[in-house]
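J.: Letter by letter, the sequence shown follows residues 446 to 726 in our numbering.
The C-beta atom is built at its ideal place from N, Cα and C for all residues, glycine as well.
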Amino acid sequence: MLYEPRLLILIIMGNMNTTSASSAQPAAPTRPKGTFHLLKVTFGVALVLATLFTAWTPAEINRQSQMGQGFNLNPFAAVQPQEEDKPTPTPRSRPLIGIVAGHWGSDSGTVCSDGLTEAEVNLRIASLVQKLLSEKNLDVDLLQEFDTRLRGYSATALVSIHADSCDYINDEATGFKVAAALANSYPERGTRLTACLRNRYTLDTGLPLHTTSVTPDMTSYHAFDEIDDGTTAAIIETGFMNLDRQFLTEHPDKAAQGIADGILCFINNESITPITPQPTP
Numbered sequence: 446m447l448y449e450p451r452l453l454i455l456i457i458m459g460n461m462n463t464t465s466a467s468s469a470q471p472a473a474p475t476r477p478k479g480t481f482h483l484l485k486v487t488f489g490v491a492l493v494l495a496t497l498f499t500a501w502t503p504a505e506i507n508r509q510s511q512m513g514q515g516f517n518l519n520p521f522a523a524v525q526p527q528e529e530d531k532p533t534p535t536p537r538s539r540p541l542i543g544i545v546a547g548h549w550g551s552d553s554g555t556v557c558s559d560g561l562t563e564a565e566v567n568l569r570i571a572s573l574v575q576k577l578l579s580e581k582n583l584d585v586d587l588l589q590e591f592d593t594r595l596r597g598y599s600a601t602a603l604v605s606i607h608a609d610s611c612d613y614i615n616d617e618a619t620g621f622k623v624a625a626a627l628a629n630s631y632p633e634r635g636t637r638l639t640a641c642l643r644n645r646y647t648l649d650t651g652l653p654l655h656t657t658s659v660t661p662d663m664t665s666y667h668a669f670d671e672i673d674d675g676t677t678a679a680i681i682e683t684g685f686m687n688l689d690r691q692f693l694t695e696h697p698d699k700a701a702q703g704i705a706d707g708i709l710c711f712i713n714n715e716s717i718t719p720i721t722p723q724p725t726p
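#1: Would you tell me roughly how many angstroms separate the C-alpha atoms of A701 and I681, rounded to the nearest one?
#2: With distance defined between alpha-carbon atoms, name the residue in Y613, S599, I720 nearest to S558.
#3: Would you please state the rounded distance, in angstroms, between the beta carbons of T677 and R645? I believe it to be under 8 Å.
#4: Take R539 and list the residues in its own chain whose beta-carbon comes closer than 7 Å to its own, dropping the five residues that flank it on each side.
#5: From the DSSP secondary-structure annotation, give me the bridge partner or partners of G703.
#6: Helix, strand or coil, according to DSSP, for E682 in the structure here?
#7: Would I606 and V659 qualify as a contact pair, given that the criterion is a beta-carbon distance under 8 Å?
#8: Under 7 Å Cβ to Cβ from L578, same chain only, skipping five residues before and after it: list those, please.
#9: Assign K576 to one of three DSSP states: helix, strand, or coil.
#10: Would DSSP call S605 helix, strand or coil?
#11: Out of Q575, A571, H548, state which residue places its alpha-carbon closest to the alpha-carbon of T562.
#12: Check each candidate in R690, D674, T639 and name the one with the smallest Cα separation from N714.
#13: Can you tell me whether L627 is buried or exposed, with buried defined as 16 or more other CB within 10 angstroms of its CB?
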């Protein structure tokens with residue numbers, strides 16, 4: 446049985462008092478106890494106290510230990526394993542580019558009277574852009590319209606490729622258009638990317654920039670709200686599938702080159718040469 450320290454001390458003191466009382470009765474005088482006797486008594490008391498300290502942990506120390514204050518002096522307490530340091534992500538050695546093939550994996554997009562779909566036009570051009578950029582030692586993801594990877598997508602740049610209507614609108618419904626996100630955490634980057642795309646696409650394709658038909662569907666494109674804030678993004682309509690149909694179907698390589706060169710212009714911070722307007726015939 447273990448006693449509380451105060452109770453045990455009282456018991457020891459009681460025994461000492463009893464001894465003193467019994468020794469108070471008349472007796473023959475004895476010699477004073479020597480130093481050796483005192484050492485034995487001191488050693489015995491120290492041994493008892495050491496045993497008590499080992500077997501008993503004060504409640505206050507336990508409470509402090511549970512609250513995380515000071516050290517845990519309880520030798521029977523379980524040792525908590527320390528959490529290992531999480532590995533630091535390895536920095537990407539090459540820029541990552543995301544290319545969205547508009548409507549791919551979702552729907553057909555614009556459908557022409559002969560069955561030509563916008564989705565197939567977009568996917569063909571997007572695949573060529575991926576190939577061109579990969580040849581420039583860039584990492585390129587070819588993404589579907591509502592790709593699950595778009596949620597929080599982090600890359601140097603993302604470009605979504607689309608095409609415009611198959612319907613005849615008027616003789617001015619020709620050319621391409623580019624837009625960045627209406628709400629952008631880094632608007633200067635979006636401005637830079639769209640400027641590069643407009644410049645290089647014009648130079649590589651010869652198509653005019655159709656600035657008057659940029660719609661809210663472009664500036665509020667759904668992927669802009671899904672990707673990481675640090676990813677610079679833009680959307681491009683590569684041409685009208687009516688008046689520009691021959692170009693889009695027969696020269697998708699030129700459309701892809703214009704987009705790839707625009708992305709490289711942005712990544713490499715290349716200069717943008719002003720384009721001299723061509724005289725109207």
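T.: Working from what's here:
#1: Taking the straight line from one Cα to the other gives about 11 Å.
#2: The alpha carbon of S558 has as its nearest neighbour, out of Y613, S599, I720, the alpha carbon of Y613.
#3: About 16 Å separates the two Cβ atoms, so there is no contact after all.
#4: Spatial neighbours of R539 in its own chain (CB-CB distance under 7 Å, excluding positions within 5 residues in sequence) are listed in chain order as N582, L583, D584.
#5: G703 pairs with nothing; no bridge assigned.
#6: Three-state result, E682: strand.
#7: Between I606 and V659, the gap from beta carbon to beta carbon reaches 8 Å or more.
#8: Taken in chain order, the residues that qualify are I542, V585, A705, I708.
#9: Under the three-state reduction of DSSP, K576 is assigned to helix.
#10: Of the three classes helix, strand and coil, the one that applies to S605 here is strand, per DSSP.
#11: Measuring from the Cα of T562, the nearest candidate turns out to be H548.
#12: Nearest C-alpha to N714: T639.
#13: Counting of Cβ neighbours within 10 angstroms places L627 among the exposed residues, the total staying below 16.
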